[in-house]
Amino acid sequence: MSKKRLVVLSGAGMSAESGISTFRDSGGLWEQYRIEEVATPEAFIENPKRVLDFYNHRRKQLDEVEPNRGHQIIAELEQRFKVQVITQNVDNLHERAGSTQVLHLHGELTKVRSSKHPELIYDIGTKPIHLGDLCEKGAQLRPHIVWFGESVPAIDQAVPLVSKADIFLVIGTSLNVYPAAGLIRFAQTKCSKYLIDPHPVEVPFGMNFTVISKSAGEGMEQLFERLKKDYCI
Ligand code: OAD
């Protein structure tokens, strides 16, 4: 029998137990920084150094953190399901846990791109970028991150993935940011839907999610047992 398609939509809560702050929880990143100062195209024009420093700091943090149990179970599930991860996270913890199909909606910290030629994208790992670091055509490099006010090109790839899911898991996202949050509406009625988050998250009326009110690690342990039983795997 062919493997069922399991699609995961993850957010910042997925990486919280690895030590990466979420955005909107108390003590979250958007309490420490103003979005308009570090995560918009205007901020990069007005004060590029501040923006580069913000992402340099977050990129460097990747050297200090490890995938958690939640990431690991999602990677292990590839042995039993056709797993596609769609993440709003810009860290690389899904990949480092072993997930092979990861679509980053909001970009990736380990990549930079030309500020004038968006097709010029470079892997830089966890190294910093500075003012004066240029692409091969001489334009300043910028983080390969989707800032507020910018389009989310990967959404076009994400929609058909969600609409074909047999099982859809939403984990660690407050569903505050669109178009990512709107993806859940593309899950079919017959698709089994799960939501893992320790705090209440609003989902559209009538969408039948089984809610597991736990952290990512514990919640994934619970879901794994349930899937094993439900799908006899
Ligand atoms: P948020 O910070 O908005 O939401 C984090 C969610 O994780 C909340 O629902 C928390 O309850 C939950 N959470 C906290 N600890 C958790 C844990 N240990 N296990 C599981 N869940 C936990 O983050 P996102 O929804 O990911 O975009 O935010 C979406 C986007 O807004 C981000 O990608 C980022 C941000 O601005 C950009 O920077 C473009």
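Just so you know, we're using this note's numbering here: the sequence shown kicks off at 116 and counts up by one. C-beta atoms are modelled at their ideal positions from N, C-alpha and C, and glycine is treated no differently.
Going by the DSSP bridge assignment, what does residue i pair with across the sheet?
i	result
ASP238	LYS226
LEU124	ILE201, VAL285
PHE324	LYS308
HIS219	THR202
Ligand 1 and residue i: does any heavy atom of the ligand fall closer than 6 angstroms to the residue's C-beta?
i	result
ARG139	yes
THR202	no
GLY142	no
ASP281	no
SER229	no
ASN183	no
SER130	no
ASP345	no
GLY126	yes
Return the residue from the list the options that minimises the CA-CA distance to residue i.
i	options	result
GLY253	ALA154, SER229, PRO315, GLY126	SER229
LEU124	SER278, ARG341, TYR346	SER278
THR215	PHE196, HIS232, LYS226, LEU246	PHE196
ILE354	GLN337, PHE301, LEU167	An answer regarding residue 354 cannot be provided, because it is not within the stretch 116 to 348 covered by the chain.
HIS209	GLU193, PRO258, ILE189, LYS226	ILE189
THR155	PRO258, GLY297, ALA295	PRO258
ILE236	LEU224, VAL217, GLY126	LEU224
SER330	VAL227, MET129, ASP345	MET129
PHE263	GLN147, MET116, SER136, VAL153	VAL153
LYS343	GLU193, GLU151, SER266, ASP238	GLU193
ILE201	HIS314, ARG120, LYS226	ARG120
PRO163	ASP248, THR325, SER289, GLN337	ASP248
ALA273	GLY185, TYR346, VAL217	VAL217
Q | Runs of alpha helix (DSSP H) lying entirely within the stretch 241-301, each at least 4 residues, in chain order | A | As for any alpha helix (DSSP H) of minimum length 4 sitting wholly inside the stretch 241-301, the runs are 270-278, ordered along the chain.
Q: Just list the beta strand (DSSP E) runs in the stretch 156-209, keeping only unbroken ones of 3 residues or longer that don't cross its boundaries, in chain order.
A: List check, beta strand (DSSP E) in window: 197-202.
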